[in-house]
Amino acid sequence: MKKKRIVLKPTSGLGNRMRAISSFIYFKTLINAELKVVWVPDSGLNSSFQEIFQPSASFDLMPAKFRHHLFTKSKTLLHNEYSVVRWLTKRYNSFLSTLLGVDCLLFDEDVKKGVEHLTEVCTNKHNILVITGNQCIDYPKGFGSFVPSTEVASRIKTARKQFKETMIGIHIRRSDHDIAIAKSPVYLFENKIEEHLNAEEDDFGVFLATDDPALSTYFQEKYPDTVVTYPKTFGRNSREGIMDAVLELYLLAGTKKIYGSYWSSFSGVAKRIYGTELEILHI
Numbered sequence: 041m042k043k044k045r046i047v048l049k050p051t052s053g054l055g056n057r058m059r060a061i062s063s064f065i066y067f068k069t070l071i072n073a074e075l076k077v078v079w080v081p082d083s084g085l086n087s088s089f090q091e092i093f094q095p096s097a098s099f100d101l102m103p104a105k106f107r108h109h110l111f112t113k114s115k116t117l118l119h120n121e122y123s124v125v126r127w128l129t130k131r132y133n134s135f136l137s138t139l140l141g142v143d144c145l146l147f148d149e150d151v152k153k154g155v156e157h158l159t160e161v162c163t164n165k166h167n168i169l170v171i172t173g174n175q176c177i178d179y180p181k182g183f184g185s186f187v188p189s190t191e192v193a194s195r196i197k198t199a200r201k202q203f204k205e206t207m208i209g210i211h212i213r214r215s216d217h218d219i220a221i222a223k224s225p226v227y228l229f230e231n232k233i234e235e236h237l238n239a240e241e242d243d244f245g246v247f248l249a250t251d252d253p254a255l256s257t258y259f260q261e262k263y264p265d266t267v268v269t270y271p272k273t274f275g276r277n278s279r280e281g282i283m284d285a286v287l288e289l290y291l292l293a294g295t296k297k298i299y300g301s302y303w304s305s306f307s308g309v310a311k312r313i314y315g316t317e318l319e320i321l322h323i
């Protein structure tokens, strides 16, 4: 019998891509399929997989060919108010699927429904293409398939030399993330640091991960003997910026406990890498 094949094109940022891949590492075992990943650098994550991670035995990488850009997954088209636009979009994707030998095409909407739905949909299908930034199941074990590249691992080892014996991690998400800004104000993280300092823990330190350079400076100036940051390149549209994001993710994961921001995938991914305790600070 012909073996099933899942081709997964993960989308969005680093955390979303890692979660999507991890979940399909689990799903492929349910339907006895091989998993291939098409990792496409873009403005939200401008780096190839090989630059930030080592090859994985859990899936094969496929070349980021142009043909995978041709599918239309835009919500403004797939869920357009005009039925003719929705019909044309679906017909276009169906035609392209046939042309490329895909007999099952899945987007975010299908993936969010979970593995039972996907198992049913993929019955008697052999060439399955999934384009998503979501996970079909929470599968922490899958994160063990991500191993930092040699260059990134070397930087992580050097950066960890600044860590004290007892380190907590703090992730403050800002940038354009309105929900995190509203629900996880800065004072909550300051209060948590003060709480630990008042407990007089031996050789205590804080690793701060944030996408806001002003906040990084603020915390280092307020807690100069406690807070450690990595002098990274801010932004995800450069190779250096993405490598630093991976480095920061693994440094955060390597702390004793993580205090994270509301509705941020970065905190959740850091928790799943090593099983680190995570507490989301929010109002």
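Each residue of the sequence shown is one higher than the one before, starting from 41 at the first, in the numbering used here. We treat Cβ as the ideally placed atom computed from N, Cα and C, and that holds for glycine.
Under a Cβ-count criterion, where at least 16 other Cβ atoms within 10 Å of its own Cβ denotes burial, should residue i be classed as buried or exposed?
i	result
V286	buried
S83	exposed
D178	exposed
G315	exposed
A249	buried
Give the DSSP-derived three-state secondary structure of residue i in the structure shown.
i	result
E160	helix
D325	What the structure shows of the chain is the stretch from 41 to 323, and residue 325 is not part of that stretch, so it cannot be assessed.
A239	coil
Y302	coil
A104	coil
T269	coil
G84	coil
F111	coil
V155	helix
Going straight from the alpha carbon of residue i to that of residue j, what length do you get?
i	j	result
S189	K297	25 Å
V151	R200	37 Å
A60	V142	20 Å
K311	I219	20 Å
L146	V47	10 Å
I212	V155	32 Å
R57	V246	27 Å
T138	L321	48 Å
L228	G53	26 Å
V78	T116	24 Å
Under the criterion of a Cβ to heavy atom distance below 6 Å, does residue i qualify as lining the ligand FAD?
i	result
Q90	With respect to the ligand FAD, the structure offers nothing, as it holds no ligand at all.
Select from the options the residue whose C-alpha is nearest the C-alpha of residue i.
i	options	result
M283	F89, L117, I168	F89
S215	G209, M207, S224	S224
L291	V309, W303, S278	V309
L70	R276, S96, N167, L158	L158
I92	W303, K232, S256, S185	S185
Which partner residues does residue i have in the DSSP bridge list?
i	result
R45	E74, N167
L318	I298
H119	BP columns for H119 are empty, so no partner.
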